[in-house]
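Here is the structure we will look at, set down as C-alpha cells.
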Amino acid sequence: MFETVALPANLQPQSTLVNLPAEIKHQIFKACLTFDDVISDPTVRGGTQRRPVQSFNVAILQTCQRLYHEIDRRPLFSQNTFRFTSVETARSFLKTLDDRYRESVHDIEIDICKVDSSLARDWLRYLAWGNGPWDSTSCSLHMDAPNLKTLRLNFESWPRVSMFRTELWILLRQMMATVRRLERIMVVGASKGQAMARRDPWSPAHFVGATDVDFDDLVPCMWKCVEAPANDKIIRWGRKDGRLSLEVVSKNHLLRHVDRAWHSPSVRSQGEGCWPENGSCLWSDYEKKDLKVMAMSMKD
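Going from the sequence shown to our numbering is simple: count from 1 and add 962.
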C-alpha cells in the first residue's frame, strides 16, 4: 500500500518530533492515523467514488525517511472503520494489502446503498463463514480480514433500494446466517418520527421498512455472530438524526473499545410513548416483551 523508501544515510535527530521518547512518538503517530469518519470504498492506488485512503492524514509518512521507517502503520487499519458498497471494492482493497495490514483490519461496514439482486448474491457469498465452496477458495470476508472484530451492516438507505422490503429482510438475515466469532455486530437503519420511535429498536421497520415479515428474529440472528458466553453479551441501540443502530457486543469489547463508562442496563415497565433514544439490555430483558430498557450512555 505504501511506496518503498530507502533508509536514510543520516539518522541524527532532524526535529523535536523525532527526538521524542519512542512511546510518546508512537502515541502521536497513532493519533495521526486514526479518524472520526469511516473510510469509504478505499483503494490502494488511484481514485474512488468516495474518499481514498490517500486523502487522509498519512502525509506524516512522507515527512522524512526516518519517520517513514519508524511509524507503525497498523493503527491506520486497526483503529478505523472501513466501509464498502460492493464486494468488488472490498476484495480489491483487502487482497492488495500486505498480510500484516490485512490482519490489522478490525472494523468493517457493509453499506447496501447500491444493492440489487445481483449484488445481494455477491454479498451472501462473500459473507459465507466456513462451510461453503467460497470459503475453500478464499473468497470470503473472514479470509480477507481474518482478525475482524466488528461487522456493521448499514441498511440506512432501505427507502431508496430497488428491492422488495421482504427481499431486504431476507437479505439482512442471510448476511448474518454463517457469520461467527465476532466481538461486535451492528445493524444500522433509518428511523424518523414519533411513530418509528414507538417501535421496538429491533423492529424490521427500522431496517427494511416492513413489519409483515415471516421471522421477526433480528436479535437472535445477531446474537449468534458474537463469540462470548450468553451472560457476557449485551444488546444496545441508539437513535440519532433519523438513524438507528442496533448491536450485540461482548462486555469485554464494550468496556475496552466502545464505552468505558458502561456498567449495567436498567429496565422499567413498558408504557405508552417512545423508547429511550439510547439503551442496552440483557438477553433475558429482550425476551420479556413487557419491558423497555432505560437509556444507558451509548457513545459510539
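Even for Gly, the Cβ is constructed at its ideal location relative to N, Cα and C.
Whole-Å CB distance - residue i paired with residue j, under 8 Å assumed
{"i": "Trp1120", "j": "Gly1171", "result": "5 Å"}
{"i": "Phe1117", "j": "Phe1177", "result": "The pair is not a contact, with the Cβ atoms about 16 Å apart (cut-off 8 Å)."}
{"i": "Pro1227", "j": "Trp1199", "result": "In fact, because the Cβ distance is near 11 Å, the residues do not count as touching under 8 Å."}
{"i": "Ser1207", "j": "Val1141", "result": "Not really, about 17 Å apart at Cβ, beyond 8 Å."}
{"i": "Pro1004", "j": "Glu1065", "result": "Wrong, their Cβ atoms sit about 17 Å apart, outside the cutoff."}
{"i": "Phe991", "j": "Ile1033", "result": "5 Å"}
{"i": "Val980", "j": "Leu1029", "result": "6 Å"}
Nearest residue (CA-CA) to residue i, options the options
{"i": "Ala993", "options": "Arg1036, Asp1003, Pro1163", "result": "Arg1036"}
{"i": "Phe1126", "options": "Thr1173, Leu1086, Met1148, Trp1085", "result": "Thr1173"}
{"i": "Phe1043", "options": "Glu1209, Ala1157, Pro1182, Ile1001", "result": "Before going further, note that residue 1043 is Thr rather than Phe in the sequence given. Selected option, being the one with the closest Cα: Ile1001."}
{"i": "Asp1106", "options": "Lys1057, Lys1076, Ala1152, Lys987", "result": "Lys1057"}
{"i": "Gly1155", "options": "Asp1060, Arg1201, Arg1143, Asp1221", "result": "Arg1201"}
{"i": "Tyr1088", "options": "Val1077, Asn1240, Cys1075, His1104", "result": "His1104"}
{"i": "Arg1135", "options": "Leu1115, Leu1144, Thr1047, Lys1250", "result": "Leu1115"}
{"i": "Glu1249", "options": "Glu1239, Arg1218, Trp1185, Asp1061", "result": "Trp1185"}
{"i": "Thr1128", "options": "Ile986, Asn1193, Ala1167, His1215", "result": "Ala1167"}
{"i": "Leu1081", "options": "Thr1051, Arg1062, Phe1055", "result": "Thr1051"}
{"i": "Trp1131", "options": "Ser1102, Arg1160, Ser1079", "result": "Ser1079"}
Exposure of residue i, with buried meaning 16 or more beta-carbon neighbours within 10 Å
{"i": "Asp1073", "result": "buried"}
{"i": "Lys1195", "result": "buried"}
{"i": "Asp1179", "result": "exposed"}
{"i": "Met1258", "result": "Note that Met1258 scores 39 on pLDDT, short of 50, meaning its location in the model is unreliable and no value can be drawn from it."}
{"i": "Asp1203", "result": "exposed"}
{"i": "His1031", "result": "exposed"}
{"i": "Val1255", "result": "Because the pLDDT at Val1255 is just 43, under 50, the model does not fix this residue reliably, and the value given afterwards should be weighed accordingly. So Val1255 ends up on the buried side."}
{"i": "Pro1191", "result": "exposed"}
{"i": "Ala984", "result": "exposed"}
{"i": "Asn1193", "result": "exposed"}
{"i": "Asp1060", "result": "exposed"}
{"i": "Ser1242", "result": "buried"}
Pair within 8 Å by beta-carbon distance, residue i and residue j
{"i": "Val1067", "j": "Leu1113", "result": "no"}
{"i": "Val1211", "j": "Arg1146", "result": "yes"}
{"i": "Arg1053", "j": "Glu1071", "result": "no"}
{"i": "Trp1091", "j": "Met1137", "result": "no"}
{"i": "Glu1209", "j": "Met1148", "result": "yes"}
{"i": "Ser1246", "j": "Arg1205", "result": "no"}
{"i": "Gln1041", "j": "Leu995", "result": "yes"}
{"i": "Val1220", "j": "Ile1197", "result": "no"}
{"i": "Phe1244", "j": "Glu1189", "result": "For the record, residue 1244 in the displayed sequence is Leu; it is not Phe. Their beta carbons are not under 8 Å apart, which means Leu1244 does not touch Glu1189 by this criterion."}
{"i": "Val1077", "j": "Val1123", "result": "yes"}
Fill in: Every unbroken beta strand (DSSP E) inside the stretch 1099-1175 [3 residues or more]
1112-1116, 1146-1152
Fill in: Secondary structure, beta strand (DSSP E): runs of 3+ residues fully inside the stretch 1024-1094
1044-1046, 1069-1073
Worksheet entry | alpha helix (DSSP H) segments (min. 4 residues) lying fully within the stretch 1197-1244 | none
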